[in-house]
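S.K.:
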Amino acid sequence: MIGVFDSGFGGLTILRKFQQLMPEYDYVFLGDNARAPYGSRSFETVYAYTLQAVRRLFSMGCPLVVLACNTASAKALRSIQQNDLPLIDPSNRVLGIIRPTAEVIQSYTRTGHVGVLGTLGTVNSQSYIIEIQKLYPEIRVFQQACPMLAALVENGEIDNPGTDYFVKKYLDLLMAQSPLIDSVILGCTHYPLLINSFRKACPDGVSFIPQNEIVAGSLMDYLRRHPEMDARLSKNSKTYYYTTDNPSVFNNAASLFLGREVSSSHLDW
Ligand code: DGL
């Protein structure tokens, strides 16, 4: 199976795209809702939590794990790939979502000024700036941390005036850094759930980059290029959902985000 991990519900926006574009595969989604949000936590904590989840997904039968979380991709991916994976099982793979987004950024901007909205952890890690500038040194990247937003999503505060206020505040702070920004990466997988608020606050001529489509396309490409991994993945069109918190709360929220009923199980570490 393909493991898909997020601190909470946000990764469901990525999983949903995987299910649409690659319906034949089996997935295990793990949301660490009991410890979400991760965004303001230290490097050490995000790394420890993410490694624990990756190990668990491996032991549940997922040789391939996608960190469907920008914060975990920014703070834990590299250490896990370089230090842990060779010791745990060098034939397994852990993929993140920042690099695939950076790879295609050039095709989304005409002005060469790109905005990134993310958690404090993602913004402070500078991962987007580093990855984009490695590939496209001419592109300028502006960032704004949005510490309230993942918590609002985790608590179901979607499409209401309080959430609109914070979305507009963060977007205005980003746009104030450069009037030339024409593309904004919603660099936290929770944020697409607030897309209505983002659209209301968005200045004309600015568009949001669909990270879920980009990441799904990149995974399809990865599986085409790695038939040895593809052969290890079961294909019965099933998804198993796990949460570290209350399954009925997870089911209610997840059904909203996925547009259909799901039945999750509680995961004990
Ligand atoms: N959804 C996650 C991300 O993409 C993290 C949100 C959080 O836990 O703070 O960054």
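If you number the sequence shown the way our numbering does, the last residue is 1384 and the count never jumps.
Heads up, the beta-carbon is just placed ideally off N, CA and C, and yes, glycines get one too.
1) Between the segment 1215 to 1222 and the segment 1277 to 1287, are three or more C-beta pairs nearer than 8 Å?
2) Relative to the ligand DGL, what is the chain-ordered list of residues with a Cβ closer than 5 Å to any of its non-hydrogen atoms?
3) Taking its Cβ as the centre, do 16 or more other Cβ atoms sit within 10 Å of residue 1307, making it buried, or is it exposed?
4) On the three-state DSSP scale, how would you describe residue 1332?
5) Alpha carbons only, please: which of 1356, 1208, 1260, 1222 is nearest the one belonging to residue 1185?
6) Suppose you measure from the CA of residue 1292 to the CA of residue 1286; what does that come to, to the nearest Å?
7) Between the Cα of residue 1362 and those of 1254, 1303, 1148, spot the shortest distance and give me the residue it belongs to.
8) Hey, would you say residue 1234 sits closer than 8 Å to residue 1195, going by beta carbons?
9) Whole alpha helix (DSSP H) runs in the segment 1199 to 1245 with 4 or more residues, listed along the chain?
10) Mapping the DSSP letters down to three states, classify residue 1292 as helix, strand or coil.
11) Counting pairs of beta carbons, one from the segment 1139 to 1159 and one from the segment 1355 to 1374, are three or more of them closer than 8 Å?
12) Less than 6 Å between C-beta atoms, sequence neighbours within five positions excluded: which residues of the same chain meet that for residue 1316?
13) Is the segment 1165 to 1179 close to the segment 1337 to 1348, with three or more CB pairs under 8 Å?
14) So, is the C-beta of residue 1363 closer than 8 Å to a C-beta in chain B?
15) Would you check if the distance between the CB atom of residue 1377 and the CB atom of residue 1356 is smaller than 8 Å?
16) Could you check whether residue 1119 and residue 1183 sit closer than 8 Å to each other, using their CB atoms as the reference points?
17) Within this structure, are the beta carbons of residue 1359 and residue 1302 separated by less than 8 Å?
18) From residue 1350 to residue 1134, what distance separates their C-alpha atoms?
19) To the nearest angstrom, report how far apart residue 1386 and residue 1318 are at their CA atoms.
20) What is the rounded straight-line gap between the Cα of residue 1272 and the Cα of residue 1263?
21) Quick check: what's the CA-CA separation for residue 1380 versus residue 1228?
22) Can you check the segment 1245 to 1328 for any alpha helix (DSSP H) of at least 4 residues that lies completely inside it and give the ranges in chain order?
M.R.: Taking the structure as given:
1) no
2) So the residues near the ligand DGL by this Cβ test are 1122, 1125, 1151, 1152, 1153, 1154, 1184, 1185, 1186, 1234, 1265, 1303, 1304, 1305.
3) buried
4) Correct three-state label for residue 1332: helix.
5) Measuring from the Cα of residue 1185, the nearest candidate turns out to be 1260.
6) 10 Å
7) Per the Cα distances, 1148.
8) no
9) For the segment 1199 to 1245, the full-length alpha helix (DSSP H) segments reaching 4 residues or more read 1200 to 1203, 1213 to 1218, 1235 to 1240 along the chain.
10) coil
11) yes
12) For residue 1316, where only same-chain residues beyond five positions count, the Cβ hits under 6 Å are 1282, 1283, 1286.
13) yes
14) Within the model displayed, chain B is absent; a lone protein chain is all it includes.
15) yes
16) Closer than 8 Å, so yes.
17) no
18) 12 Å
19) Since the displayed the chain opens at 1116 and closes at 1384, residue 1386 lies outside it and no answer follows.
20) 11 Å
21) 43 Å
22) 1264 to 1269, 1276 to 1290, 1310 to 1316
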